[in-house]
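Colleague: I'd like to ask some things about the structure below.
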Amino acid sequence: MVEVLSIVPEAKIRLDINGKWSLTEAISNLIDYGKDFGANIDYIEQPCSDIDDLFELRKKTKLKIAVDESIRKHINNDFSKLKEIADVAVIKWAPTGGIKSALEIIEKINLPVVVSSALDSSIGISHGLALAQSVPNLYGPCGLGTASFFKSDITTNPFVVLEGKLKNRKIEPDLLDQFKAKPERQLWWQNRIEQIYREGLI
Numbered sequence: 001m002v003e004v005l006s007i008v009p010e011a012k013i014r015l016d017i018n019g020k021w022s023l024t025e026a027i028s029n030l031i032d033y034g035k036d037f038g039a040n041i042d043y044i045e046q047p048c049s050d051i052d053d054l055f056e057l058r059k060k061t062k063l064k065i066a067v068d069e070s071i072r073k074h075i076n077n078d079f080s081k082l083k084e085i086a087d088v089a090v091i092k093w094a095p096t097g098g099i100k101s102a103l104e105i106i107e108k109i110n111l112p113v114v115v116s117s118a119l120d121s122s123i124g125i126s127h128g129l130a131l132a133q134s135v136p137n138l139y140g141p142c143g144l145g146t147a148s149f150f151k152s153d154i155t156t157n158p159f160v161v162l163e164g165k166l167k168n169r170k171i172e173p174d175l176l177d178q179f180k181a182k183p184e185r186q187l188w189w190q191n192r193i194e195q196i197y198r199e200g201l202i
């Protein structure tokens, strides 16, 4: 962060911890981050995986907390507790069951929303962009610039962020055959999808 802020002093930084901190680690780290970088931290995403830990953590920090994995763990359950543990909801259209399902969840959560990519191809990014354009309570910039992470995409005209913006357009997957998975890998994914459906692991 020091290097980033030396170049862009007014930058707003989002830190994604993916639930890897214990409550003790999260409290200690956020105290330190708050002292050193508080004005530049937009939010901390999923600092802890445990819901009770997030509840306690939010009492002890002024930094904003965003949740991602916690939302999927609450699918088909009561979302009202999320307001007690977070300031922002990070929504990914595919893991939440599609655009329609994501919009239903967003309505139930009733928190400011950041739409993010699950490392999607440009086809997935187009869905994420469609979702973002349908959300009435967007928090701010969305995390949809991940197509640039890939060496290649399934289209010759991938979604690439220019000057912080993505323009919505139709994507033609004209390179799909080039990246077609082997039959055994396709079977693996089919089995995985069935397992997710059976066990509610979305």
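If you count by UniProt numbering, then the sequence shown holds residues 1 to 202, one letter each, in order. Glycine residues also receive a C-beta, built at the ideal position from the N, C-alpha and C atoms. Computed from a prediction, not measured in an experiment: that's the story for all the values here.
1) Take S49 and list the residues in its own chain whose beta-carbon comes closer than 6 Å to its own, dropping the five residues that flank it on each side.
2) Using only CA atoms, which one of N110, I31, C142, E194 lies nearest to L166?
3) Where does the unbroken beta strand (DSSP E) through L15 begin, and where does it stop?
4) Got a sec, what are the start and stop residues for the beta strand (DSSP E) A102 sits in?
5) Is there contact between the region 127-138 and the region 176-196, where contact requires at least three CB pairs shorter than 8 Å?
6) Going straight from the alpha carbon of Y139 to that of N77, what length do you get?
7) How is D42 classed by DSSP in three states: helix, strand or coil?
8) Give me the residue from I154, I44, L5 with the minimum Cα distance to L15.
Modeller: On the basis of the data shown:
1) Position 49 of the sequence shown, counted from the first residue, corresponds to residue 49. Result list for S49: G19, in chain order.
2) For the purposes of this step, residue 166 is identified with residue 166 of the sequence shown, where counting begins at 1. The candidate whose alpha carbon is nearest that of L166 is C142.
3) Start at 1 with the first residue of the sequence shown, and residue 15 comes out as number 15. Residues 13-16.
4) Here residue 102 refers to the residue found at position 102 of the sequence shown. Note, A102: premise wrong, no beta strand (DSSP E); alpha helix (DSSP H) at 99-109.
5) no
6) For the purposes of this step, residue 139 is identified with residue 139 of the sequence shown, where counting begins at 1. For the purposes of this step, residue 77 is identified with residue 77 of the sequence shown, where counting begins at 1. Cα to Cα, the separation comes out at about 24 Å.
7) The residue you call residue 42 lines up with position 42 of the sequence shown. It is a strand residue.
8) As a first step, residue 15 is located in the sequence shown; it is residue number 15 there, counting from the start. Closest by alpha carbon: I44.
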